[in-house]
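Report on one structure; see the data block that follows.
Number of protein chains: 8
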Amino acid sequence: MDRTWSVYLSGEIHSDWRERIETGTREAGLPAEFSAPVTDHAASDEAGTGTLGEESTPFWRDHMGAGVNAIRTQTLIRAADVVVVRFGDKYRQWNAAFDAGYAAALGKPIVTLHDPDLDHALKEVDRAAMAVADRPEQVVEILRYAITK
Amino acid sequence: MDRTWSVYLSGEIHSDWRERIETGTREAGLPAEFSAPVTDHAASDEAGTGTLGEESTPFWRDHMGAGVNAIRTQTLIRAADVVVVRFGDKYRQWNAAFDAGYAAALGKPIVTLHDPDLDHALKEVDRAAMAVADRPEQVVEILRYAITK
Amino acid sequence: MDRTWSVYLSGEIHSDWRERIETGTREAGLPAEFSAPVTDHAASDEAGTGTLGEESTPFWRDHMGAGVNAIRTQTLIRAADVVVVRFGDKYRQWNAAFDAGYAAALGKPIVTLHDPDLDHALKEVDRAAMAVADRPEQVVEILRYAITK
Amino acid sequence: MDRTWSVYLSGEIHSDWRERIETGTREAGLPAEFSAPVTDHAASDEAGTGTLGEESTPFWRDHMGAGVNAIRTQTLIRAADVVVVRFGDKYRQWNAAFDAGYAAALGKPIVTLHDPDLDHALKEVDRAAMAVADRPEQVVEILRYAITK
Amino acid sequence: MDRTWSVYLSGEIHSDWRERIETGTREAGLPAEFSAPVTDHAASDEAGTGTLGEESTPFWRDHMGAGVNAIRTQTLIRAADVVVVRFGDKYRQWNAAFDAGYAAALGKPIVTLHDPDLDHALKEVDRAAMAVADRPEQVVEILRYAITK
Amino acid sequence: MDRTWSVYLSGEIHSDWRERIETGTREAGLPAEFSAPVTDHAASDEAGTGTLGEESTPFWRDHMGAGVNAIRTQTLIRAADVVVVRFGDKYRQWNAAFDAGYAAALGKPIVTLHDPDLDHALKEVDRAAMAVADRPEQVVEILRYAITK
Amino acid sequence: MDRTWSVYLSGEIHSDWRERIETGTREAGLPAEFSAPVTDHAASDEAGTGTLGEESTPFWRDHMGAGVNAIRTQTLIRAADVVVVRFGDKYRQWNAAFDAGYAAALGKPIVTLHDPDLDHALKEVDRAAMAVADRPEQVVEILRYAITK
Amino acid sequence: MDRTWSVYLSGEIHSDWRERIETGTREAGLPAEFSAPVTDHAASDEAGTGTLGEESTPFWRDHMGAGVNAIRTQTLIRAADVVVVRFGDKYRQWNAAFDAGYAAALGKPIVTLHDPDLDHALKEVDRAAMAVADRPEQVVEILRYAITK
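As C-alpha cells, this is what we get:
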C-alpha cells in the first residue's frame, strides 16, 4: 500500500534526537513524515505573547502560550499514526508525559525513548507504549519494521 | 510534514475579518485552506426557500433554511483542524456560539475573535477556546505559529 | 421501565422557568430529576475568585470563573438524557447557545424554550432541537409524553 | 438531582492532600466519592511481583507492576466525573502528567493542584485543566461550587 | 451478576407482540425491563400538537410530532442493551427500519421479529440483526438464553 | 477550500433520480463525487450467490447477499459527507430507512427525497433529515448551496 | 468509593477456573461481580436451534447459535470493567481471542490466563493485556490489588 | 466515485492466499490497495530483538516483538476499509482471531477465509463477518462486487 506514515515526535527539545530519527528514516527510504511541537524553547515560551500580545502576570503568560502551543500539538497528535515520546535528563517534561497520556487515550501506538536510568520513574508511561527505546536509531529500526518490511 | 491545515471561520458576516485572515495567511505563505458558512446574509436566509421552494410560515421558512445551512456548516466543522469563531457587535450571533459548543464537544481547537468589551459576556465560550484574539492579525500570528514555526 | 430521566436546564437565570418546569413535572408525577448551572448570578460570576482566590484582571477573573462553572455544566450535560435550553430577552446568553452546540455534538435531544420573537435569531439553534417551546408548560407536556405516555 | 459525583485523585502519594480533600468534602456534606491509585509506595512498586510472582529484571518487574496498576487507574479515571491531579516537589511524577493527558483526551474536567513555583513547568498540563489550585481546601471549594451551590 | 437488562421494543403497534414478550419474560422470571415508543397511534400522531400546540400544515404537524417522539425513542434506544424490531404486514413501518439502522450504528445487538414472507424485503435489516424471529415466544427464549442460562 | 464532497445516494433503484442528481451536479460544476449501492436489482439479489456460490435456502441466500452488499454500503456511508435517501412508491424499501437510521447515528447530514404523499409515513425519517426534497433538482440546488455558494 | 467492579470471564469452558476466581474473590470480600458466556457446551452449541428452531445445515445452525451467543457476550463485555480471557489446551478457542481483540479495541483492561507453554502462540494477545497470569489465584490477587488495596 | 479501497489481509502466513487475492484484484482492474502484517515468520518473531536489541527471557522477547508488530497491525487495521482474516490449518492463529475482534469493535466490515472444516470452531468469528469465503478467488469476487459493480 502506498501509504505515508505520520509520526509525531513529542518531548525533549535540547538534543538532536529528532534529527537523528529523521535522517535515519530518510536514509532508509521510508515513506514517513514527521511533525513536532515548536522546538525553539524561547519561541515556545512566547507562543502567547508573541501572537496575542503582552501579559504581565507570569501564570497567565504561560497559560496563553500553552493554549497556542496546544492548537499545534493536539492537532498533530490527532493526525499522527505513531507518537514517539522522548524524555531527557533536563527539566521535568510533564508535557511529554501529558502527550503520552493523551495519545494513549486516543488509541495511538506510542514509542518511548529515554535512558535506562529513567526506567523506574517512567514505568507507567512505558507500560502504555508499544516499544521502549533508548537510542534514536532503535526508533528508526522500529519504523523500518512497521512501515516496510 | 507537508500538511495543509483546514480552518473553519465561523460567525459574524458583516465585516472583513475573514478576508484579513485569509490575506494575511496567504502573504505569510502558510499551508492553510479556509472554509466558512455562506456569508451572503440574504442568500443564507433563503437557503431553504431558494433550494426547496416556498414556505409561507416564517418559523418553518427559517427551519428549512437552517437545515440546509447545517449541511454545510456541520460538515465543514467536522472536517476542520481549527475553528475560529468571530463575535461582532451586531445581532446576537447565537449560531456562532452554537458552532463553538459543537466544535468543543468534538475536541476541535477553537480560537475566538472579538472586542474586549465582549469579554464578560463571552467568558464561557472563551474558556473553551485555546486562544482569545481581538484582531484578525493575531489569528494570522497564531496560525503562523501553529503551522510552521 | 423504572427509569428516572435526567434533564439539564440550561440558559436564562432571571425568570422562574426552571421552577415552573420542575413544579409541573412533580405535579404530573413524572420520574425526572433536574440539574442546572449555578443560577445565582453573583455567585456564578465569582465562581473562580470565590474558590481559588483573588484575581485583579477582569479577563482572567472571568476565565477562572468560567472554568469552575464548566466543571459543573459539562459534567451535567454529559450525564443528561435531555437538555432544555432557555433564551430570554436580557443579555446575549452565548453560554446557552454554546451548551446547545455542545449537547448537539454529543447527540443529546434538545428542547429550546423562548419567545417567538426570537425565532429568526435562533433558527440554527432551533433546527438542532427536537422541539421548540415558548412556555415552560409545553416543556412539561413534552416530558410527560416522552417519559410516560 | 440526587447525584453522587465521582472524583479521582491522581498524583503525589507522599503528603496528606487526599485526606484533606476528603475530610473537607465530608464536612461540607457534599455527595462525592473518591478514588485513587494505590498510595502505598512499596505496595505500588510490587503490584506486579506481589500478584503475578517474581521477576528478576528490574525493567520487566516495573512493567508488570505498571500493568496491574493501570487496570485500577484507567478504570477509575474512565468512571470519574472529575479528575484532580496533584504534583509535589518530590519525584518526577510522570504518571500524574500521563493521567492528566489521558483524562483530557477523554473529555474529563481536570483540576490541577500544585505549588505556584511549578507553574511554568506545568503550563501545558494546567492549560488542559478547568482550574489550577495550590491548596487542597481550594479543591474542596471547587467541588462545593460544582456539586451543590 | 445481578444485572437487569434493558430491552427496547421497536416497531409495529397494532398487535400484542409486546405484551407476549413482556408476559413471557416475567413468567420466566428474567431480570429484564422493557421500553417502547408510544404505542397509542392517535397519541403518537399528536405528539407535537398535543404538547406544543396547533399547526395547520400536515407536513409540519408530522415534523413536530416526530421530533417529540424522537426525544423518547432515541433516548431509550441509546439506553438499551438489546433492541427488538418488529415488522408487521400493515403500513410501511419505515420508522422501525430507521430504528434498526440507528441501533446498528451504535453497536447494539438487534433481534428482528416478522413473518417469513417478509424475509426477502427485510434482508438488509435482518443481516444487521443477531437473530431473526417470527414469533414473540422465540424472543423470550433468546432473552432467557442471553440473560440467565 | 478545494474540497470534493462525497455524497451517498441510498434507496430506490427503479427510477432515474441518481442520474438526474449527478447530471445536474456536473452541469453546475460542483466538486462532488457520488457513490451508491449496486443498483442492478438482479445483481444485488445475487450478491451472495454470485460471489460465494450456491445456497439453496432462500433466507440464507438473502442473508449472504445482504452481507456482501453491506460491505459496500456501510463503507460508503461511513465515507460520505452527505447521505441522500430516496423513497419511491414501489417495494417497502426498508433498507433505505435502515441506511437513514445508520447515517443519523453517525451524525451524517441526511437529505430525504420522496413524493409528498409519503410525508406522513416517513415523518420519523424526515425528522432526522436536514432537508426533505420531492424532486432531484432540489437536491442539486441543496448541494450547490452547501458546497459552493 | 463504594464501587462494584464488573468482571467478564471469557474463554475456556472445560475447567473450574471461573469457580476458583469467583470463590477466591468472595473469600477476599472484594466488591466484584462476574459475568461469562454460557458455559454449558451443549447449550451453547444449541443457542440458535434451542431458541429459534431447527436448522438442517450445520453452517447456518452454527451461525444462528453464534448470533444468539453474541447478544449475551458483546453486551456483557461492553458492560465490564475488566475482561479476563482464559486459554486452555483443548480446542482452538478462537472466540476467546476474538473477545480479547474486541475488548482491546473498546479500551477495556484485559488479563489473560494460560499455561506458560502457550506464551509464544499467544504473544499478540498477551501484549494487549495488562497482566498475564497462569493460575486463577493470580487473577484473584490482581483483582484484590486493583479493587481494594 | 474515484475511491481506492484499503484492504487489510490478516492471518495465516504460510500459503499464497495474499498473492492470489492481490493478483486477482489487479487482473480485475479494481482500485484496491492491500496491507498486511509482516509475513516473514522469522522476521516477525524477531520484531523486538531485531529493532530494540537482545532479550534473554523468551516471554519478554515475544512481548517486545508483539509490541513492535502491533504498531504496524493496529495502525493498518484502523486505516482499512475492509479486513480479510484468513485461518489455516497450522498453528492456532490466535492473533488472527484477535484482529477480527479488534476490527469488529471498530465497525470494520470483515471477510473470513478458511476451509469449511473449520466452520464450527470459527462460528463466533464468522458470525461477526459480512462474508465467509473458502477460496481466495471468492474474496476477489466480493471485492469486485463491493468496489465496482
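Chains as they are written, first to last, in the working numbering: chain P, 13 to 161; chain B, 13 to 161; chain S, 13 to 161; chain X, 13 to 161; chain C, 13 to 161; chain W, 13 to 161; chain H, 13 to 161; chain E, 13 to 161. Note that the Cβ used here is the ideal one computed from N, Cα and C, for glycine as well.
First through last residue of the beta strand (DSSP E) which encompasses residue i
i        : result
Leu125/B : 122-125
Leu21/C  : 17-23
Ala143/W : 143-145
Span separating the alpha-carbon of residue i from that of residue j
i        : j        : result
Leu125/W : Asp146/W : 5 angstroms
Ala55/C  : Tyr103/W : 28 angstroms
Asp129/H : Lys135/H : 11 angstroms
Ala117/S : Tyr114/B : 5 angstroms
Asp138/W : Gly79/C  : 10 angstroms
Thr16/W  : Val96/H  : 46 angstroms
Glu66/P  : Gln150/B : 12 angstroms
Arg98/E  : Phe46/E  : 14 angstroms
Ala40/E  : Val152/W : 33 angstroms
Tyr20/H  : Leu42/C  : 20 angstroms
Ser18/H  : Ala140/H : 19 angstroms
Thr63/W  : Arg73/H  : 22 angstroms
Thr69/X  : Gly77/X  : 12 angstroms
Asp57/H  : Trp29/P  : 56 angstroms
His75/S  : Val123/C : 50 angstroms
Asp14/X  : Asp14/E  : 54 angstroms
Enclosing alpha helix (DSSP H) for residue i [first to last residue]
i        : result
Phe46/S  : Counting along the chain, Phe46/S falls outside any alpha helix (DSSP H), though it belongs to the beta strand (DSSP E) covering 44-47.
Ala158/E : 148-159
Ala91/P  : 70-91
Tyr114/H : 106-117
Leu64/S  : 61-64
Asp57/H  : 53-57
Val137/X : 135-139
Gly41/C  : No alpha helix (DSSP H) holds Gly41/C; DSSP gives it neither H nor E.
From the options, residue whose alpha carbon lies closest to that of residue i
i        : options                              : result
Arg156/B : Asp131/B, Gly23/B, Glu34/B           : Glu34/B
Gly23/C  : Gln105/C, Arg32/C, Tyr114/C, Gly79/C : Gln105/C
Gly100/W : His26/W, Trp17/W, Ile89/W, Asn107/W  : His26/W
Ala108/H : Gly119/H, Arg73/H, Gln86/H           : Gln86/H
Arg84/S  : Asp93/X, Ala48/X, Trp72/X, Tyr20/X   : Asp93/X
Arg90/W  : His75/E, Val96/E, Gly119/E, Ile89/E  : Gly119/E
His53/C  : His75/W, Glu45/W, His132/W           : His132/W
Asp127/E : Val19/H, Ala44/H, Phe71/H, Ala141/H  : Phe71/H
Asn81/S  : Thr61/S, Leu42/S, Gly41/S            : Thr61/S
Pro49/C  : Trp29/C, Leu88/C, Ala141/C           : Leu88/C
Residue i vs residue j beta-carbon contact at 7 angstroms
i        : j        : result
Phe110/H : Ala59/E  : no
Pro121/E : Arg32/E  : no
Ala143/B : Ile159/B : no
Ala44/B  : Thr37/B  : yes
Per DSSP, the bridge partner or partners of residue i
i       : result
Arg98/H : Gly23/H, Leu125/H
beta-carbon residue i near the ligand HEM non-hydrogen atom, thresh 6 angstroms
i        : result
Asp101/B : In terms of ligand content, the structure shown is empty, and the ligand HEM therefore cannot be addressed.
Beta carbons nearer than 9 angstroms to chain D: which residues of the stretch 126-153 of chain W have them?
Here the protein chains are P, B, S, X, C, W, H and E, and chain D is not one of them.
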